[in-house]
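Below is one structure, written out as structure tokens; the observations come after it.
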Amino acid sequence: MNTETVIINTAHGEMQTFVAYPDSSPSPCILVLQEAFGVNDHIKDVTIRFAKEGYLAVAPELYYRTAPPGFSGSYEDFMGLKPHFSQLTPENLQSDLNAALDWIKSNPKSIPDRIASIGYCLGGWVSFLANSLYTFKAAVSYYGSRIVQTSEEYSPKQNAPLLLVWAGKDRSVKQTHIAAISELLKSSGKNFVELVFSEAEHGFFCDARAAYHKPSAAQAWAITLAFLKEHV
Numbered sequence: 001m002n003t004e005t006v007i008i009n010t011a012h013g014e015m016q017t018f019v020a021y022p023d024s025s026p027s028p029c030i031l032v033l034q035e036a037f038g039v040n041d042h043i044k045d046v047t048i049r050f051a052k053e054g055y056l057a058v059a060p061e062l063y064y065r066t067a068p069p070g071f072s073g074s075y076e077d078f079m080g081l082k083p084h085f086s087q088l089t090p091e092n093l094q095s096d097l098n099a100a101l102d103w104i105k106s107n108p109k110s111i112p113d114r115i116a117s118i119g120y121c122l123g124g125w126v127s128f129l130a131n132s133l134y135t136f137k138a139a140v141s142y143y144g145s146r147i148v149q150t151s152e153e154y155s156p157k158q159n160a161p162l163l164l165v166w167a168g169k170d171r172s173v174k175q176t177h178i179a180a181i182s183e184l185l186k187s188s189g190k191n192f193v194e195l196v197f198s199e200a201e202h203g204f205f206c207d208a209r210a211a212y213h214k215p216s217a218a219q220a221w222a223i224t225l226a227f228l229k230e231h232v
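Number 178 in UniProt numbering belongs to position 178 of the sequence shown; there are no gaps in the numbering.
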């Protein structure tokens, strides 16, 4: 396994991207979509973990419009990130994802028709959005609270099998929200799996955050790997 940082040219500028390669090649691919705090050490660690499982894992720095390369936000200052995440409109994200996917598909170490997306927090919503735009093999969303506001638009457009991971103690996503999203997906005939970890809070998968919940994170990781192995 090895890593590199590459520059992907987008319609709006240069997007630094962290890439982790597995020992085998060519490989199925995973687009790893950042939390609101950037492509920080935690997201890089998750990207490496996927590479160790046999995936070419790619984590683009979605804040490249407003933040310097390598930006990492503070877990204690969420609102300080607003200038960055406010620029991530669906139109801008589609442009960025187009560039990232073009890079992946042109990489000789990738299997271009075996791509999945996974995202956490902000990236959980981006993964949900991306699965409405592209033909992936699978998509995974961890506590993507912005899904609540956009589910009516994007639920009927989900393409690949979808794994939704929720935190039962997430103050921004109520059980009624989860039930409404589930009903929308069901009524649209979508293939999805839904997990709710009753003892976990928003951000529970990140071992650098106070919300980290080790038992839930371990179970979520195992189920995520099984889901990806089944579909990708």
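Idealized CB from N, CA, C, for every residue including glycine.
Proximity winner among the options, relative to residue i (alpha-carbon distances)
i	options	result
L185	G168, E153, H202 and F197	E153
D113	L164, I30 and L93	I30
K109	G189, V173, T3 and I223	T3
R65	S188, S106 and L81	L81
L122	E61, F18, L101 and N107	E61
R171	T135, P156 and G203	G203
E35	R146, S25 and I111	R146
K190	N159, A210 and A218	N159
A59	N40, T10, A67 and G168	N40
G168	K44, V6, A130 and E201	E201
T224	Y120, S86, K44 and L133	Y120
F37	F50, A57, P83 and V19	P83
L101	L88, I115 and N92	I115
T17	V32, S27, P28 and A11	V32
Y63	V46, T89, L133 and A222	T89
G124	F136, S141, N131 and D96	S141
residue 233	P68, Y134, Y75 and I118	The chain is shown from 1 up to 232; residue 233 falls before or after that span and cannot be answered.
S187	P69, P156 and A217	P156
A57	P161, I118, P69 and Q87	I118
Y75	D207, D45, M1 and S182	D207
residue 234	F50, R209 and W166	Not covered by the structure: residue 234. The range shown for the chain is 1 to 232.
L93	V165, F136, H12 and L164	H12
V165	K137, A210 and F227	F227
Cβ neighbour criterion (16 or more within 10 Å) applied to residue i
i	result
Q149	exposed
P22	buried
I7	exposed
N131	buried
P215	exposed
N107	buried
T144	According to the sequence provided, residue 144 is Gly. The question's Thr does not apply to it. The residue is buried, with at least 16 neighbouring Cβ atoms inside 10 Å.
P161	buried
G73	buried
K105	exposed
P68	exposed
N- and C-terminal bounds of the beta strand (DSSP E) containing residue i
i	result
N131	From DSSP, N131 is part of no beta strand (DSSP E) but of the alpha helix (DSSP H) over L122 to L133.
Endpoints, alpha helix (DSSP H) assigned at residue i
i	result
S106	P90 to S106
F85	K82 to F85
A57	Where A57 is concerned, there is no enclosing alpha helix (DSSP H), although the beta strand (DSSP E) it sits in stretches over L56 to P60.
V148	I147 to Y154
A220	K214 to H231
A67	No alpha helix (DSSP H) holds A67; DSSP gives it neither H nor E.
A139	Segment A138 to Y142 is the beta strand (DSSP E) holding A139; no alpha helix (DSSP H) there.
F50	D41 to K52
Distance between beta carbons of residue j and residue i, contact taken as under 8 Å
i	j	result
G54	S24	6 Å
Y197	A220	Per the sequence presented here, residue 197 reads as Phe, with Tyr not at that position. Indeed they touch by this definition, with Cβ atoms about 7 Å apart.
E199	H213	6 Å
D96	M15	6 Å
S127	A139	5 Å
A20	I48	5 Å
I111	S27	6 Å
Runs of beta strand (DSSP E) lying entirely within the segment 6–39, each at least 3 residues, in chain order = 13–21 and 27–33
Can you list, in chain order, the stretches of the beta strand (DSSP E) that have 3 or more residues and sit fully within the segment 160–201?
-> 162–167 and 192–197
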